[in-house]
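J.: Residue numbers (this note's numbering): 103 to 211.
1) Can you tell me whether DSSP reads residue 116 as helix, strand or coil?
2) Count Cβ pairs between the stretch 118-131 and the stretch 173-182 that sit closer than 8 Å; are there 3 or more?
3) On the DSSP bridge list, what partners appear for residue 158?
4) Please list, in chain order, all residues of the same chain as residue 149 whose beta carbon is under 6 Å from its beta carbon, the five residues on each side excluded.
5) Residue 156 to residue 167, Cα distance in whole Å?
6) Roughly how many angstroms lie between the CA atoms of residue 162 and residue 201, to the nearest whole one?
7) In chain order, which beta strand (DSSP E) runs of at least 3 residues are fully inside the stretch 155-198?
8) DSSP three-state label for residue 146, please.
9) Are the Cβ atoms of residue 175 and residue 124 separated by less than 8 Å?
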């Protein structure tokens, strides 16, 4: 579903270090490359400005009784997308809509 939406959007896939680590972990867990090649994405560094945005969103999460004690990768990813004007591919659209409502989402219907 998400793959079709990404194809239809015509957007190039951009990933930062956090997203890349999550992909690598999945590849290590399943013991294969999953056909993921560097030709399929552009590396984009996490901008420093995203740190403040991630911290602010995480504070809102904690004030809403969130139980995690350190910022989750989703907050850094959402902040990066907001600062850089990039869309986010996700299956957890609710979290992004709550803390980053300005970010365009590519998510299953």
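Even glycine gets a Cβ: it sits at the ideal position worked out from N, Cα and C.
T.: This is what the structure holds:
1) Against the chain shown, residue 116 aligns to sequence position 14. In this structure, residue 116 counts as strand in the three-state DSSP scheme.
2) yes
3) To locate residue 158, count along the chain shown from 1; it is residue 56. DSSP lists no partner for residue 158.
4) Along the chain shown, read from residue 1 onward, the residue named residue 149 stands at position 47. Excluding residues within five positions, the ones whose Cβ falls inside 6 Å are 185.
5) The sequence position of residue 156 within the chain shown is 54, counting from 1. The sequence position of residue 167 within the chain shown is 65, counting from 1. Looking at the two C-alpha atoms, the distance is approximately 17 Å.
6) The count along the chain shown starts at 1 and reaches residue 162 at position 60. The count along the chain shown starts at 1 and reaches residue 201 at position 99. Answer to the nearest angstrom: the Cα atoms are 8 Å apart.
7) none
8) Looking up residue 146 in the chain shown gives position 44. In the structure shown, residue 146 sits in coil (DSSP, three-state: anything other than H, G, I, E or B).
9) Counting from 1 along the chain shown, the entry for residue 175 is found at position 73. Counting from 1 along the chain shown, the entry for residue 124 is found at position 22. Against a cut-off of 8 Å, the Cβ pair of residue 124 and residue 175 comes out as a contact.
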